[in-house]
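Read left to right, the sequence shown gives residues 138 to 232 (our numbering).
Ideal Cβ positions, reconstructed from N, Cα and C, are used throughout, including at glycine.
In this text the structure is predicted, and so the values were computed from the model without any measurement.
Step one of this worksheet: look at the structure below.
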Amino acid sequence: MDGCDWDAPSCEDESCDGACPTNDGGDCLNRCRPLVQCLQENPNCGTDADPMCVKRTNGAPNKCTTQWETAGAGMQRPSQIAVAYFECACGIEVP
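This is how it looks when you write it as structure tokens:
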């Protein structure tokens, strides 16, 4: 995950700012940005099974679990936006 390019022009539309709606009072951005920030602050945390450092192990949270769950835990936006942005910026597919 250390080789992520969060500023890649090709990923701009996938970013929180590019993909979140503008008519939700900022809800999407307020939940998407902290998750992406956590990913950026923990570049070597990911594993093949958990590239975004969001999965719990025996109930214990990983580095970005709280932000992931607040963002919808993959079931809804904005977590889905963050996954797409991560996959684009880092070139890693999230299982």
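Inset, instruction - Could you say if the region 192-211 and the region 138-151 meet the contact criterion of at least three C-beta pairs nearer than 8 Å? - result: Judged by pairs of C-beta atoms under 8 Å, the region 192-211 does not touch the region 138-151, as fewer than three such pairs exist.
Legend entry - DSSP bridge partner residues for Thr194 (one or two, in chain order): Its beta-bridge partners are Ala197.
Legend entry - Segment limits, alpha helix (DSSP H) that includes Asp150: Counting along the chain, Asp150 falls outside any alpha helix (DSSP H), and DSSP gives it neither H nor E.
Legend entry - N-terminal and C-terminal residue of the alpha helix (DSSP H) that Gln177 is part of: Asp164 to Glu178
Legend entry - Nearest-angstrom beta carbon gap, Asn181 and Val191 [assumed within contact, 8 Å]: That pair is no contact at about 15 Å.
Inset, instruction - Under 8 Å by Cβ, that's how I've got Leu166 and Cys201 pegged, so tell me the actual separation to the nearest angstrom. - result: Actually they do not touch by this definition, with Cβ atoms about 17 Å apart.
Inset, instruction - Would you mind reading off the limits of the alpha helix (DSSP H) that contains Trp205? - result: Thr202 to Thr207
Legend entry - Three-state secondary structure (DSSP) of Glu224: helix
Inset, instruction - Tell me whether Gly162 is buried or exposed, calling it buried when 16 or more other Cβ atoms sit within 10 Å of its Cβ. - result: exposed
Legend entry - Per-residue DSSP class, three states only, for Gln217: helix
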